[in-house]
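As numbered in the numbering used here, residues 16 to 674 make up the first sequence, in order.
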Amino acid sequence: MKRFFLTTAIDYVNSRPHLGTAYEKVCADVIARYKRLCGFETRFLMGNDEHSQNVFKKASEEGLDPLKYCDQMEQEFRRTWKRLDVSFDDFIRTTEPRHRAGVTEITNRIHAAGDIYEGVYEGWYCVGCEEFKQEKDLVDGNCPLHPTLKPEWIKEKNYFFRLSKYQQPLLDHFAAHPEFLQPDVRRNEILRLIEGGLVDISVSRAGQSWGIPLPFDPESVVYVWFDALINYASAVGLGGDQEMFARWWPADLHVIGKDITRFHAVIWPAMLMSAGLKLPQQIFGHGFMTMNGQRMSKTLGTIVDPIVAADRLGHDPLRLYLVKEVTFGGDGDFSWERYDERYNVDLANNLGNLVNRVTAMAHRYRNGRVVPAGETSSRLRDLPNEVATCYRRAMDAFAIHEAAASVFRLIDATNLHITETAPWTLAKDPASADRLTQVLFDAAEAIRLAAVLLEPIMPSSSREILRRVGVSPDALLFERDGRWRSDGERVLLQEGPLWPRKELTTVSENPLPPGAPGAHPAPAPSTAAPGTAPGTAAPSTPAPGAAPAGGDRISIDDFMKVELRVAKVLAAERVPKSNRLLKLQVDVGTEQRTLVAGIAEAYEPEALIGKTVVVVFNLKPAKLMGVESNGMVLAASPDGGKPTVVSFETPPPPGTRVR
RNA sequence: GCCGGAGUAGCUCAGUUGGUUGAGAGCACGCGUCUCAUAAGCGCGGGGUCGGCGGUUCGAGUCCGCCCUCCGGCACCA
Numbered sequence: 016m017k018r019f020f021l022t023t024a025i026d027y028v029n030s031r032p033h034l035g036t037a038y039e040k041v042c043a044d045v046i047a048r049y050k051r052l053c054g055f056e057t058r059f060l061m062g063n064d065e066h067s068q069n070v071f072k073k074a075s076e077e078g079l080d081p082l083k084y085c086d087q088m089e090q091e092f093r094r095t096w097k098r099l100d101v102s103f104d105d106f107i108r109t110t111e112p113r114h115r116a117g118v119t120e121i122t123n124r125i126h127a128a129g130d131i132y133e134g135v136y137e138g139w140y141c142v143g144c145e146e147f148k149q150e151k152d153l154v155d156g157n158c159p160l161h162p163t164l165k166p167e168w169i170k171e172k173n174y175f176f177r178l179s180k181y182q183q184p185l186l187d188h189f190a191a192h193p194e195f196l197q198p199d200v201r202r203n204e205i206l207r208l209i210e211g212g213l214v215d216i217s218v219s220r221a222g223q224s225w226g227i228p229l230p231f232d233p234e235s236v237v238y239v240w241f242d243a244l245i246n247y248a249s250a251v252g253l254g255g256d257q258e259m260f261a262r263w264w265p266a267d268l269h270v271i272g273k274d275i276t277r278f279h280a281v282i283w284p285a286m287l288m289s290a291g292l293k294l295p296q297q298i299f300g301h302g303f304m305t306m307n308g309q310r311m312s313k314t315l316g317t318i319v320d321p322i323v324a325a326d327r328l329g330h331d332p333l334r335l336y337l338v339k340e341v342t343f344g345g346d347g348d349f350s351w352e353r354y355d356e357r358y359n360v361d362l363a364n365n366l367g368n369l370v371n372r373v374t375a376m377a378h379r380y381r382n383g384r385v386v387p388a389g390e391t392s393s394r395l396r397d398l399p400n401e402v403a404t405c406y407r408r409a410m411d412a413f414a415i416h417e418a419a420a421s422v423f424r425l426i427d428a429t430n431l432h433i434t435e436t437a438p439w440t441l442a443k444d445p446a447s448a449d450r451l452t453q454v455l456f457d458a459a460e461a462i463r464l465a466a467v468l469l470e471p472i473m474p475s476s477s478r479e480i481l482r483r484v485g486v487s488p489d490a491l492l493f494e495r496d497g498r499w500r501s502d503g504e505r506v507l508l509q510e511g512p513l514w515p516r517k518e519l520t521t522v523s524e525n526p527l528p529p530g531a532p533g534a535h536p537a538p539a540p541s542t543a544a545p546g547t548a549p550g551t552a553a554p555s556t557p558a559p560g561a562a563p564a565g566g567d568r569i570s571i572d573d574f575m576k577v578e579l580r581v582a583k584v585l586a587a588e589r590v591p592k593s594n595r596l597l598k599l600q601v602d603v604g605t606e607q608r609t610l611v612a613g614i615a616e617a618y619e620p621e622a623l624i625g626k627t628v629v630v631v632f633n634l635k636p637a638k639l640m641g642v643e644s645n646g647m648v649l650a651a652s653p654d655g656g657k658p659t660v661v662s663f664e665t666p667p668p669p670g671t672r673v674r
C-alpha cells in the first residue's frame with residue numbers, strides 16, 4: 016500500500032496554542048485527510064518541543080518541575096487539537112525516551128562520520144566589553160568602544176557540526192529536486208542563503224541539565240534546535256524500532272512556518288546527509304496569520320484563541336476559513352467580521368441552504384426517496400467531474416485554498432441547477448414526474464460529491480451531510496466516491512439548517528471595543544475621507560474571551576522592577592552603517608550614559624539634542640552594531656509606522672523617577 | 001542598505017508563453033425575480049487612468065528601462 020508520512024513543526028510549550036499554530040495544524044490535517052481519502056496509509060505526526068531554556072525558566076517561575084509543566088502543556092495542546100478535529104496519529108515530546116534514543120543515534124552517526132568536532136568557540140574578544148566580537152563589529156581591527164584595547168582571539172570548548180561541508184551537496188539536492196522546498200519564494204530565499212556560504216554550527220551547550228546529553232560527552236547537552244529537528248525521525252523509530260523506521264522514513268512532507276525554513280531546509284538535510292539517512296521528500300513553509308492586519312501579539316491583544324473561534328461558529332467553519340480564505344504559502348488575515356461573513360455566505364446561504372432545500376423538496380415531493388430516472392440536466396453533466404479533477408490537481412500541489420474554492424463551484428452550480436429546473440413547477444405537472452425525480456437525484460448526488468470533497472476540510476460536517484443525503488459516511492475512498500455516480504436509491508433526511516445564519520445585527524456580540532471598525536452596525540462609508548478605508552487605522556482588537564484574565568497581568572512589584580528615569584539628550588549621532596540606530600549620550604541625573612535607540616528613521620540626531628526623554632535605567636547593557644547600549648529610550652512604535660519617543664509637556668529634571 | 005515579490009473595481013484577488021478581455025470573479029452595494037429553502041436562491045447593474053513616466057511592437061495589465069509605494073528575507077530594531 017502506498018504510504019504518506021507528514022509532520023508539522025513541534026511547538027514550544029512556553030505559551031498556549033493560538034490561531035497561528037492552529038493554522039499550521041489544520042492545513043496539515045487537511046493534507047493528511049486528503050491522502051487518506053486517496054487511499055494512502057497515512058501517518059500524521061505532531062508534538063511538543065520541550066528542551067528549551069525558556070521552558071525551564073517558565074516552569075521554575077511557576078514553581079513547577081519542568082517535566083510536570085510540560086505534562087500540563089501537553090494536555091493543553093492536545094485539547095486544542097482535538098477541539099479542531101486535527102487527526103494526528105502520533106504525538107511526540109522531546110523528553111520521551113524514544114526521542115532520546117533517536118537523538119543519540121543520529122548524533123553518534125554524525126560524530127562517526129567525522130562531522131562533529133570538539134572544537135572551540137573562537138572569536139575576537141574585547142576585554143573592555145567582556146564580549147565576543149564579530150569581525151564586522153570591529154573598526155580597523157579594534158573594538159569601537161575601546162579603541163585603545165587590543166581585542167583578543169579567544170577559544171572556548173564546544174561541539175560543532177560541519178555544516179559548511181554540505182554547501183555543495185545541498186545545492187545539488189535543491190537543483191535535482193526543485194519541489195524539495197515550497198513555495199518558490201521560500202526556495203529562492205534559502206538558495207541564496209546557501210549560496211552565500213554556510214558556517215559550522217554549534218550543536219552543544221555546556222553546563223546545563225535540561226536537555227539530552229551528548230552521547231560522547233555527557234557533560235554537554237544537545238543544542239535545542241539540533242535536538243528538535245530529530246523528532247521527525249525518532250517518532251518513527253530511529254534508534255529503536257528498525258522495522259518501523261524502514262517503513263516510514265523518509266518523511267513525505269514537513270509542514271512548517273516560514274520562520275523556521277532555514278533549520279528544515281538547510282541544517283536538517285545536512286544532518287541527514289551526514290548520518291547517511293534519506294532526506295524528506297518535501298518541505299512546505301506556510302505563511303503567518305495576522306489579526307486585522309496586525310501580527311498576533313500578546314501585548315497588542317491580537318492573539319486569537321482557536322478554541323474561542325471554534326466555539327463561536329463551530330470548528331468546521333473555522334477550518335474552512337483558514338483553508339479557503341488564505342492562499343496556502345502566503346500570509347493570511349483573520350477578522351471576526353470576515354469570519355462571520357464567510358460563514359454566512361459559504362455555509363449558511365450556499366452549502367447549508369442547499370442541503371436544506373434539497374432534502375425538504377425530496378420529502379415534500381418524493382417522501383425522501385430519490386432514484387435516477389432519466390438524463391442529468393446540462394448544468395451538472397460535466398462540471399462535477401471537472402471540479403473533482405481540478406480539486407485533486409490543487410490538493411496534490413498543496414494548493415489547498417484552491418481545492419476548497421473549487422468545491423464551491425460545484426455547490427454554486429447545484430443551486431443554479433435548482434433554479435433552472437424549478438422542481439416546484441415540475442411538481443405541478445404529473446407528466447414531469449420522472450423529470451422531477453431525476454432533478455432531485457442530481458441535486459442529491461452533487462451534494463454527495465461536494466461533501467466527499469469537503470471531507471478533508473470539514474470532516475464532521477461532511478459526514479453529517481453524507482448522512483442526510485443517504486450515503487454511508489464511512490471509509491470514503493476517492494477512487495470510488497470522488498466522482499459522479501448515478502447508482503441506487505438515496506433516502507434523504509430532512510433535519511433542518513446545518514448552519515443557522517448569523518445576523519449582521521448581532522455584530523454587537525463581537526467583543527469589539529467601541530470605536531473599532533465594524534463595531535457600528537451602520538457605518539457611513541460615504542463620509543469617510545478618501546483613502547481612509549475602514550480598518551486601516553484599526554486599533555488592536557481583543558479576541559473574544561481574551562478579556563483580561565488575571566494571568567496576563569503583572570503585579571505592581573513586577574512593574575517596580577523597571578526603573579524608568581527622565582533623561583536629557585546631550586549628544587546624538589548616527590551609528591555608522593546602520594539605518595535605524597542612533598547613538599545617544601544622555602544625562603540620567605546621577606551620570607552620563609551612552610545608549611543606542613532604533614529611531615533613526617524618525618529623528619534626525621540634531622533634533623534630539625536637548626530633548627527630555629524617558630529611559631529604562633536598570634536594563635542590562637547590550638551591544639548593537641558594536642556600540643554598547645546602557646539603557647533604552649521609550650518610544651511608541653506603531654506597526655508599520657515610525658517610532659515616537661515619549662516626552663513631556665514640562666520637562667522634569669534628569670534623573671527623576673518615572674512611575 | 002542588499003536580495004526577492006507585489007502594486008488590477010469599496011474589499012479580497014484571477015488574468016496562462018503580448019492579440020476573441022475594446023478588462024474579469026467573489027464579497028459588499030442598488031434594482032428585479034422565483035418560492036423548494038436559513039429575508040437564503042437566481043438575474044441585471046453601478047463602479048477601475050490595470051502604481052507613475054517613457055520605450056519595443058501592427059497590437060501590452062501581459063515585454064524592456066527609470067521612478068514611487070507596499071510586503072517578505074537578510075543585515076543593526078534593548
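Yeah, the Cβ is synthetic: ideal placement off N, Cα and C, and Gly gets one too.
Leaving out five residues on either side along the sequence, give the residues of the same chain with a beta carbon under 8 Å from the beta carbon of residue i.
| i | result |
| --- | --- |
| C85 | V28, N63, E65, V70, A74, R108, T110 |
By the three-class DSSP mapping on this structure, what secondary structure does residue i have?
| i | result |
| --- | --- |
| K517 | coil |
| N63 | strand |
| Y238 | coil |
| L491 | coil |
| W96 | helix |
| Y354 | helix |
| K443 | coil |
| I107 | strand |
| R310 | strand |
| D602 | strand |
| I462 | helix |
| Y618 | coil |
| S644 | strand |
| P540 | The predicted model places P540 with a pLDDT of 25, which falls under 50 and marks its position as unreliable, so this point remains unresolved. |
| T342 | coil |
| H535 | The pLDDT assigned to H535 is 27, lower than 50, so where the model puts this residue is not dependable; a value taken from the coordinates is nonetheless given after this. H535: coil per DSSP, three-state reduction. |
Quick check on the DSSP output: the beta strand (DSSP E) that includes residue i runs from which residue to which?
| i | result |
| --- | --- |
| P399 | P399 -> not in any beta strand (DSSP E); alpha helix (DSSP H) instead, spanning 398-411. |
| I271 | 268-272 |
| K180 | Where K180 is concerned, there is no enclosing beta strand (DSSP E), given that its DSSP letter is neither H nor E. |
| T627 | 627-631 |
| L21 | 18-23 |
| V611 | 607-612 |
| K40 | Counting along the chain, K40 falls outside any beta strand (DSSP E), though it belongs to the alpha helix (DSSP H) covering 34-52. |
Quick one, which of the options has its alpha-carbon nearest residue i's?
| i | options | result |
| --- | --- | --- |
| D7 | V648, V577, A615 | This structure does not reach residue 7, given that the chain is present from 16 up to 674, and the question cannot be answered. |
| Q297 | P474, M16, F189, L508 | F189 |
| A675 | N430, G625, P321, I614 | A query on residue 675 cannot be resolved here, the shown segment of the chain reaching from 16 to 674 and no further. |
| I462 | S447, P445, D496, E133 | D496 |
| L455 | V467, W96, W439, P667 | W439 |
| L492 | F19, I46, F55, D44 | F55 |
| D397 | A375, I131, L425 | L425 |
| R674 | A43, V660, N430, F632 | F632 |
| P666 | N359, L253, K626, L634 | K626 |
| F231 | L579, E120, F106 | E120 |
| V13 | G511, V338, M286, P332 | The structure shown does not extend to residue 13, since the chain is modelled only from 16 through 674, so no value can be given for it. |
| V200 | N307, R113, R277 | R277 |
What residue range does the alpha helix (DSSP H) around residue i cover?
| i | result |
| --- | --- |
| E258 | 257-263 |
| A280 | No alpha helix (DSSP H) contains A280, which DSSP labels as neither H nor E. |
| D199 | 199-210 |
| H378 | 368-381 |
| D348 | No alpha helix (DSSP H) contains D348, which is instead part of the beta strand (DSSP E) from 347-349. |
Apart from the five residues just before and just after residue i, which ones in its own chain have a Cβ nearer than 7 Å to its Cβ?
| i | result |
| --- | --- |
| T542 | For T542, the predicted structure reports a pLDDT of 24, less than 50, and the residue's modelled location is therefore unreliable. The matter cannot be settled from this model. |
| M88 | V28, N63 |
| T342 | H416 |
| V506 | G383, R384, G485 |
| M376 | P438, L455 |
| E194 | Q297 |
Could you pull out every residue in the same chain whose Cβ sits closer than 6 Å to the Cβ of residue i, ignoring the five residues on either side in sequence?
| i | result |
| --- | --- |
| S235 | S219, A221, L229 |
| A587 | L597, L599, P620, L623, I624 |
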